[in-house]
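Novice: If you're matching them up, the sequences are chains A and B in order. Yeah, the first sequence ends on 145 if you go by our numbering, and it's all consecutive. Yeah, the second sequence ends on 290 if you go by our numbering, and it's all consecutive. Just so it is clear, CB atoms sit at the ideal spot from N, CA and C, and this is done for glycine as well. These figures come from a predicted structure and were not determined experimentally.
There are 2 protein chains.
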Amino acid sequence: MTTKADQKAQVAAEYNAFLALCPSRRLLDRISNKWVVLILCALGGDTSAPPGTTPAPKAMRYSELARLLTGVSQKMLTQTLRALERDGLLTRTVTPTVPVTVTYELTDLGLSLHHLTRGLRQWAQTHMDQVLTNREKHDAQAPRP
Amino acid sequence: MTTKADQKAQVAAEYNAFLALCPSRRLLDRISNKWVVLILCALGGDTSAPPGTTPAPKAMRYSELARLLTGVSQKMLTQTLRALERDGLLTRTVTPTVPVTVTYELTDLGLSLHHLTRGLRQWAQTHMDQVLTNREKHDAQAPRP
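#1: Distance check for residue 124 of chain A and residue 138 of chain A, CA to CA, integer angstroms please.
#2: Could you say which of B:263, B:228, B:198 and B:244 lies nearest to residue 208 of chain B if we only look at CA atoms?
#3: Cβ of residue 103 of chain A less than 9 Å from any chain E Cβ?
#4: What does the alpha-carbon distance come out to for the pair residue 234 of chain B and residue 176 of chain B?
#5: With a threshold of 9 Å between beta carbons, is residue 299 of chain B in contact with chain A?
#6: Going by the CB atoms, is the gap between residue 20 of chain A and residue 27 of chain A shorter than 9 Å?
#7: Per DSSP, residue 104 of chain A forms a beta bridge with which residues?
#8: Cutting at 6 Å between CB atoms, please list the residues of its own chain near residue 254 of chain B, excluding the five before and the five after it.
#9: Report the residues of the region 61 to 73 of chain A with a CB closer than 9 Å to any CB of chain B, ordered along the chain.
#10: Would DSSP call residue 127 of chain A helix, strand or coil?
#11: For residue 94 of chain A, tell me which candidate among A:15, A:59 and A:41 has the shortest Cα-Cα distance.
#12: Going by beta carbon distance, what residues of the same chain come within less than 6 Å of residue 276 of chain B, once the five residues before and after it are set aside?
#13: What three-state label does DSSP hand residue 219 of chain B in the structure shown?
#14: Comparing alpha-carbon positions, which option in B:288, B:247, B:285 and B:272 lies nearest residue 23 of chain A?
#15: Could you pull out every residue in the same chain whose Cβ sits closer than 7 Å to the Cβ of residue 170 of chain B, ignoring the five residues on either side in sequence?
#16: State the DSSP-derived secondary structure class of residue 36 of chain A, mapped to helix, strand or coil.
#17: Once DSSP output is grouped into helix, strand and coil, what is the label at residue 279 of chain B?
#18: Classify residue 193 of chain B as helix, strand or coil using the three-state DSSP reduction.
#19: Kindly confirm or deny that the region 35 to 55 of chain A and the region 113 to 120 of chain A touch, where touching means at least three C-beta pairs closer than 8 Å.
#20: So with CB distances below 7 Å, who are the chain A contacts of residue 165 of chain B?
#21: For residue 35 of chain A, which of A:52, A:61, A:73 and A:54 has the nearest alpha-carbon?
#22: Indicate whether residue 183 of chain B and residue 226 of chain B have their beta-carbon atoms separated by less than 9 Å.
#23: Check the Cβ-Cβ distances between residue 128 of chain A and every residue of chain B, and say whether any is below 9 Å.
#24: Mind reading off the beta-carbon distance from residue 83 of chain A to residue 65 of chain A? Whole number of angstroms is fine, and I expect it under 8 Å.
#25: What's the call for residue 267 of chain B, buried or exposed, on a 16-neighbour Cβ count within 10 Å?
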């Protein structure tokens, strides 16, 4: 008899992102992207949750996402949202108002990835000072022979 | 009196990766990269740890990394390792053998990020089948009006 944990381990063993031709390498490439990380953080509700509290996922309109993710181009945001919808990480709902309202919401699969992307954003923000100090130290050293 | 948790929350509040000009946006961009994820997974010891066990970090030679990360170009691997060294995520040690031996090892800061990159790789491998099913379903639907 195989347990659920065994099955999970087995599935994980079938794919190996270290291999260039494994489909999971492309999936890792897709999710290792700052716009994916920030979109998941936004829909996961990170912006409205103070540090230390659990964020509540929320549906957001295209225009809200575009405003929150400063610097993202319309083309990049549209492409990234389409890819995430195709992968089943979020749903896109069109409400026939005038003009139409388009909202995006995380699926359960998207929520499972959100826990990690939230961690990545928090890591970058929490360790920024340490990284800046490391860079200064590194640049002050004599160049490598 | 401020506790350590308060201080951490305060530091995290100073930086905001949603903002295009915040240094943490660039750091998030740097770490949201498949080669960074795979290098940290390799040096974190993920390849030698069976699923469910805790991996033991290990020092690796340049050539070992190049072999493990199939498809990575020499230029990309060198650039990524240098950036990670500058940020203080790994150390580079040169042993004066003939030819010289160059090894890379995670620092404590690198190890703190490894927990997240390990999760990302595992997520991609574990949810690959589900994502493939979602894509098939999505592509079978009529094209959007």
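Specialist: The structure says:
#1: 19 Å
#2: B:244
#3: Of the protein chains in this structure, namely A and B, none is chain E.
#4: 11 Å
#5: There is simply no residue 299 of chain B to check, as chain B begins at 146 and stops at 290 in what is shown.
#6: no
#7: A:60 and A:92
#8: 233 and 234
#9: 68, 69, 70, 71 and 72
#10: coil
#11: A:59
#12: none
#13: helix
#14: B:272
#15: 162 and 164
#16: helix
#17: helix
#18: helix
#19: yes
#20: 70 and 71
#21: A:73
#22: no
#23: yes
#24: Incorrect: roughly 14 Å between the Cβ atoms, too far for contact.
#25: buried
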